Structure formats: structure tokens, C-alpha cells
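Reminder that position 120 of the sequence shown reads as 120 in UniProt numbering, one-by-one numbering, no gaps.
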Amino acid sequence: MFNKSHAVMTNITFEKLPEAVAQLHEKLSNIERLLKDQATAHTPEADEILTIKEASLFLGLSVPTIYDKVHKAEIPVSKRARRLFFSKNDLTAWLKAGRRKTNEELAREALAREAAKKKRGANA
């Protein structure tokens, strides 16, 4: 018997076999599509290599400021043949590492430290 609300076929008879195969094919196609979508979503982007001018545009910093940061070893860089190259992924990670915490995040961390101190004091 075919139950449309659950799209499940039970008691498959020879007469209902084409319908059951069609349902099975549709479900497999949906699973295949979902797996492909999931694989595409989790595929890391290919890293892009940037020149200093491209890095300047990407970061919104002037070229002299980037040279200064390279000189002070404050920014991830590669040097080949006296030229500077920047990994877009490395620059993104560098930007994220410099992220300032919100007041809420700082307050949560402070509460967690206080709770840890109290716990250590109670165990002593």
C-alpha cells in the first residue's frame, strides 16, 4: 500500500513495482544531490596569491603601510626573487586573529575565571 504522507511503499506487489522503482530512483537522486551539495560546501577555497598592490586593496591599507608591517614582521608574507607575495587565506587568518572581543565575550570570560578561582579555592 502506498502512503503519500510518508512517501513509503509497503506491501509492494508486481503491479506496484514500477511505482516503487520510480520512488527509489527519486530518493537516490535526492541523496546524490545532497551529497554533492555537501561536498561542494566543505571544499576549501583554493588559496589566492596576491601581490603587494592586491594585498593593499584586499586589506584596505596603503602599500607603504604594508611594507612597514612586512619590515616589522607583523604580517604573513612570502618573498621570492625580491618580490613580496601574500596568501589571501593567511591574510584572512591574520585579520581574524586581530579581532577584538565584544564586551559580552569579555564579561563571559571574566565570569568563567572567577568561577574557576572559586572552584580552586573550594578544593584547597
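Glycine included, C-beta positions come from ideal geometry on N, C-alpha and C. Keep in mind it's a predicted model, so treat the numbers as computed, not measured.
Item, Value
"Helix, strand or coil at Arg80 [DSSP, three-state]", "strand"
"Sheet register partners of Phe85 (DSSP bridge)", "Ser78"
"Continuous alpha helix (DSSP H) stretch holding Gly60: start and end", "It is not in any alpha helix (DSSP H) - Gly60 carries neither H nor E in the DSSP assignment."
"Simplified DSSP state of Ile49, which is helix, strand or coil", "strand"
"Stretch pair the segment 75 to 94 + the segment 52 to 66: three plus CB contacts closer than 8 Å", "yes"
"Classification of Leu50 by the beta-carbon crowding that lies within 10 angstroms, buried from 16 upward", "buried"
"Range covered by the alpha helix (DSSP H) that runs through Asn123", "Asn103 to Asn123"
"Classification of Ile31 by the beta-carbon crowding that lies within 10 angstroms, buried from 16 upward", "exposed"
"Helix, strand or coil at Ile12 according to DSSP, with G and I counted as helix", "coil"
"Arg33 - DSSP class collapsed to helix/strand/coil", "helix"
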